[in-house]
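In order, the protein sequence lines correspond to chains A and B. Per the working numbering, the first sequence starts with residue 57, numbered consecutively. Per the working numbering, the second sequence starts with residue 57, numbered consecutively. By construction, the Cβ of each residue, glycine as well, lies at the ideal position given by its N, Cα and C atoms. Written below as structure tokens is the structure these notes are about.
There are 2 protein chains.
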Amino acid sequence: MSFSTIAIIGLGLQGGSIGLAVKAYLPRARTTGYDVSPAHRARAAERGLVDEVCETPADAVRNADLVIFCVPPGAMGMAAEQVREALPAHCLVSDVGSSKQAIARDLGAALPDHMVIPAHPVAGTENSGPDAGFAHLFRNRWCIVTPPATTDMLKLSDLVGFWEALGANVEIMTPEHHDLVLAVTSHLPHLIAYTIVGTASDLEDVTQSEVIKYSAGGFRDFTRIAASDPTMWRDVFLSNKDAVLTMLQRFTEDLTALQRAIRVGDGDMLFDQFKRTRAIRRSIIEEGQDDSRPDFGRNDHENEK
Amino acid sequence: MSFSTIAIIGLGLQGGSIGLAVKAYLPRARTTGYDVSPAHRARAAERGLVDEVCETPADAVRNADLVIFCVPPGAMGMAAEQVREALPAHCLVSDVGSSKQAIARDLGAALPDHMVIPAHPVAGTENSGPDAGFAHLFRNRWCIVTPPATTDMLKLSDLVGFWEALGANVEIMTPEHHDLVLAVTSHLPHLIAYTIVGTASDLEDVTQSEVIKYSAGGFRDFTRIAASDPTMWRDVFLSNKDAVLTMLQRFTEDLTALQRAIRVGDGDMLFDQFKRTRAIRRSIIEEGQDDSRPDFGRNDHENEK
Numbered sequence: 057m058s059f060s061t062i063a064i065i066g067l068g069l070q071g072g073s074i075g076l077a078v079k080a081y082l083p084r085a086r087t088t089g090y091d092v093s094p095a096h097r098a099r100a101a102e103r104g105l106v107d108e109v110c111e112t113p114a115d116a117v118r119n120a121d122l123v124i125f126c127v128p129p130g131a132m133g134m135a136a137e138q139v140r141e142a143l144p145a146h147c148l149v150s151d152v153g154s155s156k157q158a159i160a161r162d163l164g165a166a167l168p169d170h171m172v173i174p175a176h177p178v179a180g181t182e183n184s185g186p187d188a189g190f191a192h193l194f195r196n197r198w199c200i201v202t203p204p205a206t207t208d209m210l211k212l213s214d215l216v217g218f219w220e221a222l223g224a225n226v227e228i229m230t231p232e233h234h235d236l237v238l239a240v241t242s243h244l245p246h247l248i249a250y251t252i253v254g255t256a257s258d259l260e261d262v263t264q265s266e267v268i269k270y271s272a273g274g275f276r277d278f279t280r281i282a283a284s285d286p287t288m289w290r291d292v293f294l295s296n297k298d299a300v301l302t303m304l305q306r307f308t309e310d311l312t313a314l315q316r317a318i319r320v321g322d323g324d325m326l327f328d329q330f331k332r333t334r335a336i337r338r339s340i341i342e343e344g345q346d347d348s349r350p351d352f353g354r355n356d357h358e359n360e361k
Numbered sequence: 057m058s059f060s061t062i063a064i065i066g067l068g069l070q071g072g073s074i075g076l077a078v079k080a081y082l083p084r085a086r087t088t089g090y091d092v093s094p095a096h097r098a099r100a101a102e103r104g105l106v107d108e109v110c111e112t113p114a115d116a117v118r119n120a121d122l123v124i125f126c127v128p129p130g131a132m133g134m135a136a137e138q139v140r141e142a143l144p145a146h147c148l149v150s151d152v153g154s155s156k157q158a159i160a161r162d163l164g165a166a167l168p169d170h171m172v173i174p175a176h177p178v179a180g181t182e183n184s185g186p187d188a189g190f191a192h193l194f195r196n197r198w199c200i201v202t203p204p205a206t207t208d209m210l211k212l213s214d215l216v217g218f219w220e221a222l223g224a225n226v227e228i229m230t231p232e233h234h235d236l237v238l239a240v241t242s243h244l245p246h247l248i249a250y251t252i253v254g255t256a257s258d259l260e261d262v263t264q265s266e267v268i269k270y271s272a273g274g275f276r277d278f279t280r281i282a283a284s285d286p287t288m289w290r291d292v293f294l295s296n297k298d299a300v301l302t303m304l305q306r307f308t309e310d311l312t313a314l315q316r317a318i319r320v321g322d323g324d325m326l327f328d329q330f331k332r333t334r335a336i337r338r339s340i341i342e343e344g345q346d347d348s349r350p351d352f353g354r355n356d357h358e359n360e361k
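Shown next, in the form of structure tokens:
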């Protein structure tokens with residue numbers, strides 16, 4: 057392992073999982089960490105998310121050769137500025153943010169003398185905070201690394217090795233392409249899930265209690281995604297605005313076409329659209345990106361009760 | 057138990073699960089079944105979904121005191137006509153369809169001399185066919201019964217008792233209200249999931265392979281719902297057109313408002329919308345309608361591998 061001291065700024069789901077994963081899979085590396093919330097720092101120390109929870113971001117990075125910013129996309133620039141004076145010159149700077157162009161720009165502006173290689177592990181749950189992390193979050197998930205054109209190839213290789221050690225498969229792409237791909241596989245799904253849960257909350261002729269009771273018909277799946285951290289997701293949409301709006305436009309066109317098919321009673325069009333989608337599900341399961349058990353295995357669990 | 061012979065027309069996920077649930081929870085009742093597909097009949101017999109798989113729908117219902125139609129909403133009327141001559145006069149007619157006004161009308165028109173009490177167990181998985189069913193599908197799920205105004209109260213009570221014996225909680229409502237509630241908790245989520253999976257399949261600048269690889273960011277949840285039976289869902293949208301279009305209109309308005317907030321950079325509006333939705337998730341878990349484990353427990357499973 058090329059990194060001996062890893063500083064983690066932000067000890068929520070991602071930061072906490074990285075800390076625990078390093079302990080599990082890279083036990084010789086030392087970890088330090090900082091979180092802006094005193095309560096989260098205390099809890100992080102109790103759970104042992106990192107070897108040392110520091111009281112300032114500067115203390116956390118002072119001996120680091122890798123610092124990973126695990127804060128919401130909109131807070132990356134400020135978090136980076138807070139460590140600038142203390143950050144060793146050789147320390148590699150990375151992050152786990154869900155948008156890459158804006159974050160690369162913000163980290164680069166705050167730390168112009170450091171090598172910055174942004175990254176995004178495509179892994180998570182709907183939970184957040186210092187209790188949410190676990191060591192195997194990244195296992196068999198993809199981590200997308202978006203090196204700048206002028207990247208240090210040795211440091212890039214070290215970062216790739218780091219994520220592979222944590223169990224992830226690594227893919228390299230440009231920040232522009234990352235932002236387009238994630239707009240469709242992650243950002244648009246979250247936007248739609250937040251929307252429909254909001255729509256269902258505001259109805260007059262269907263009560264909230266009915267929405268909750270009959271949620272097993274499909275709605276409950278959306279509430280899981282819509283339970284994700286609101287601060288982070290606000291920042292994702294603001295920091296990847298163009299790609300999200302582009303994908304949203306495509307989605308709206310497709311939805312309008314299905315709406316019209318329903319209105320005019322075009323069953324053939326509906327059937328043709330609906331039967332296309334099973335193949336994608338099958339591929340996702342074959343490639344190990346989802347659970348093959350029906351209903352995500354919920355029924356296995358319910359059966360055990 | 058008030059029913060001694062139960063005929064199940066359609067031996068897919070719902071029909072097969074009812075058959076297995078009757079065996080498990082009402083072992084003294086006899087079940088007969090029919091499916092329009094010879095291959096499905098053969099498989100149903102192999103799995104023992106019902107005590108007797110019949111070669112015609114008429115044979116299946118000849119001695120029944122309850123017949124449950126478990127076919128797609130658009131096939132209910134024809135399935136009912138096929139049993140009319142053989143159906144005993146006292147036999148109660150019910151179904152499991154996802155829309156209730158259109159099905160009540162179709163079953164009533166086909167069987168004008170029988171008591172028809174439609175029902176809808178709000179339970180399922182993305183799988184379909186004779187291999188999809190399991191006995192505990194209905195446990196702790198809601199079954200909505202929509203009796204006509206002139207219902208036979210004793211038969212209604214028998215049907216409620218039947219579903220409770222299978223583990224469901226029963227709620228009574230009008231077919232109109234059912235169709236409105238399910239439009240938001242089930243039909244709209246499915247329409248949106250089918251749409252987004254279609255949108256993601258048709259992009260030029262993001263490949264299908266990328267959509268699959270990075271689906272763990274949220275998209276994979278939608279592919280599960282969009283893997284549901286296309287024939288059934290075509291019929292659901294056609295048979296509950298008005299309520300679906302009403303809910304879709306509300307959803308589109310809300311999505312447009314969020315789109316505008318992203319475009320103008322209104323982070324406060326986004327945050328306010330996103331933070332409202334966690335409470336609903338919490339209630340759904342508290343009421344036992346979803347799994348409390350993060351990511352539906354997927355990570356527990358992956359950890360075991």
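Tell me residue i's beta-bridge partners as DSSP assigns them.
{"i": "E108 of chain A", "result": "A:T88"}
{"i": "F330 of chain B", "result": "In DSSP, F330 of chain B forms no bridge with anything."}
{"i": "A431 of chain B", "result": "Residue 431 of chain B lies beyond the stretch modelled for chain B, which goes from 57 to 361, so this question has no answer here."}
{"i": "N225 of chain A", "result": "A:W198"}
Give the residues of chain B in contact with residue i, contact being defined as C-beta atoms less than 9 Å apart.
{"i": "E232 of chain A", "result": "In chain order: nothing, as chain B lies at least about 10 Å away."}
{"i": "K297 of chain A", "result": "I318, R319 and G321"}
{"i": "F327 of chain A", "result": "P286, T287, W289 and R290"}
So with CB distances below 7 Å, who are the chain B contacts of residue i?
{"i": "D151 of chain A", "result": "Within chain B, no residue comes near D151 of chain A; the closest Cβ sits about 16 Å away, beyond 7 Å."}
{"i": "F293 of chain A", "result": "I318 and L326"}
{"i": "D310 of chain A", "result": "T251, G254 and T255"}
Along chain A, in chain order, which residues have C-beta atoms closer than 7 Å to that of residue i?
{"i": "F330 of chain B", "result": "Y250, P286, W289 and R290"}
{"i": "T112 of chain B", "result": "Ordered by position in chain A, no residue passes the 7 Å Cβ test against T112 of chain B, which lies about 27 Å from the chain."}
{"i": "A273 of chain B", "result": "One detail in the question is off: residue 273 of chain B reads as Gly in this sequence, not Ala. The answer, in chain order, is V178, L238, T241 and S242."}
{"i": "V253 of chain B", "result": "T333 and I336"}
{"i": "A339 of chain B", "result": "Note that residue 339 of chain B is Ser in the sequence shown here, rather than Ala. Near S339 of chain B (Cβ distances below 7 Å), the residues of chain A are I268."}
{"i": "D261 of chain B", "result": "L236"}
First and last residue of the alpha helix (DSSP H) that includes residue i?
{"i": "D151 of chain B", "result": "First-last for D151 of chain B: L148 to D151, but that is the beta strand (DSSP E), not the alpha helix (DSSP H)."}
{"i": "L311 of chain A", "result": "K297 to V320"}
{"i": "G353 of chain B", "result": "Premise fails: G353 of chain B is in no alpha helix (DSSP H) and is neither H nor E."}
{"i": "S73 of chain B", "result": "L69 to Y81"}
{"i": "Q138 of chain A", "result": "M132 to V139"}
{"i": "P113 of chain B", "result": "P113 to V117"}
{"i": "A98 of chain A", "result": "P94 to R103"}
Going along chain A, which residues have a C-beta under 8 Å from residue i?
{"i": "V267 of chain B", "result": "V237, V240, T241 and I336"}
{"i": "P350 of chain B", "result": "T181, E182, N183 and A188"}
{"i": "Q380 of chain B", "result": "As shown, chain B starts at 57 and ends at 361. That puts residue 380 of chain B outside it, with no answer to give."}
{"i": "A256 of chain B", "result": "V240, T241 and I336"}
{"i": "P174 of chain B", "result": "Under the 8 Å cutoff, chain A gives no residues; its nearest Cβ is about 16 Å from P174 of chain B."}
{"i": "F307 of chain B", "result": "T251, I252 and T255"}
{"i": "R343 of chain B", "result": "One detail in the question is off: residue 343 of chain B reads as Glu in this sequence, not Arg. Residues of chain A passing the Cβ test: I268 and K269."}
{"i": "V300 of chain B", "result": "I318"}
{"i": "F125 of chain B", "result": "Within chain A, no residue comes near F125 of chain B; the closest Cβ sits about 19 Å away, beyond 8 Å."}
{"i": "R197 of chain B", "result": "A272"}
For a contact meaning CB atoms closer than 8 Å, what does residue i contact in chain B?
{"i": "Q70 of chain A", "result": "Result: empty, since nearest Cβ-Cβ is about 13 Å, beyond 8 Å."}
{"i": "I281 of chain A", "result": "G274 and D277"}
{"i": "H146 of chain A", "result": "The contacting residues do not exist; H146 of chain A stays about 32 Å from chain B at best."}
{"i": "P245 of chain A", "result": "I252, G273, G274, F275, D277 and F278"}
{"i": "W219 of chain A", "result": "Those do not exist, as W219 of chain A stays about 15 Å from chain B at its closest Cβ, beyond 8 Å."}
{"i": "F59 of chain A", "result": "Those within 8 Å of F59 of chain A in chain B number zero; the least Cβ separation is about 25 Å."}
Quiz prompt | Whole beta strand (DSSP E) elements within the stretch 154 to 221 of chain A, 3-residue minimum | solution = Counting only runs of 3 or more, we get 175 to 177 and 198 to 201.
Quiz item: Quick one: any contact between the stretch 69 to 81 of chain A and the stretch 175 to 191 of chain A, if contact means 3 or more CB pairs under 8 Å?
Solution: yes
Quiz item: Are the stretch 267 to 275 of chain B and the stretch 340 to 348 of chain A in contact at 8 Å, needing three or more beta carbon pairs?
Solution: They touch, by the three-pair rule.
Quiz item: Within the chosen definition, does the stretch 209 to 223 of chain A reach the stretch 240 to 248 of chain A through at least 3 CB pairs nearer than 8 Å?
Solution: The stretch 209 to 223 of chain A vs the stretch 240 to 248 of chain A: no contact.
Practice problem: Specify whether the stretch 81 to 96 of chain B and the stretch 61 to 70 of chain B touch according to this definition: at least 3 beta carbon pairs, one from each stretch, less than 8 Å apart. | Solution: When C-beta atoms of the stretch 81 to 96 of chain B are compared with those of the stretch 61 to 70 of chain B, three or more pairs fall below 8 Å, so the two segments count as touching.
Quiz item: Is there contact here, the stretch 217 to 236 of chain B with the stretch 194 to 209 of chain B, by at least three beta-carbon pairs under 8 Å?
Solution: yes
Quiz item: Can we say the stretch 128 to 135 of chain A touches the stretch 284 to 299 of chain A, given the rule of at least three CB pairs closer than 8 Å?
Solution: yes
Quiz prompt | the stretch 276 to 284 of chain A / the stretch 331 to 340 of chain B touching (three or more Cβ pairs under 8 Å) | solution = The stretch 276 to 284 of chain A, when compared against the stretch 331 to 340 of chain B, does touch it at the 8 Å Cβ threshold.
Exercise. Any chance you could list the alpha helix (DSSP H) runs of at least 4 consecutive residues sitting entirely within the stretch 236 to 296 of chain B, in chain order?
Key: Runs of the alpha helix (DSSP H) spanning 4 or more residues and lying entirely within the stretch 236 to 296 of chain B occur at 244 to 257, 264 to 269, 275 to 281 and 286 to 295, in chain order.
Practice problem: Pair every Cβ in the stretch 301 to 310 of chain A with every Cβ in the stretch 254 to 270 of chain B, then say whether three or more of these pairs are closer than 8 Å. | Solution: Remark: three or more beta-carbon pairs, one from each stretch, lie closer than 8 Å, so the stretch 301 to 310 of chain A and the stretch 254 to 270 of chain B are flagged as touching.
Quiz item: If you pair each beta-carbon of the stretch 136 to 148 of chain B with each one of the stretch 162 to 173 of chain B, do three or more pairs fall below 8 Å?
Solution: yes
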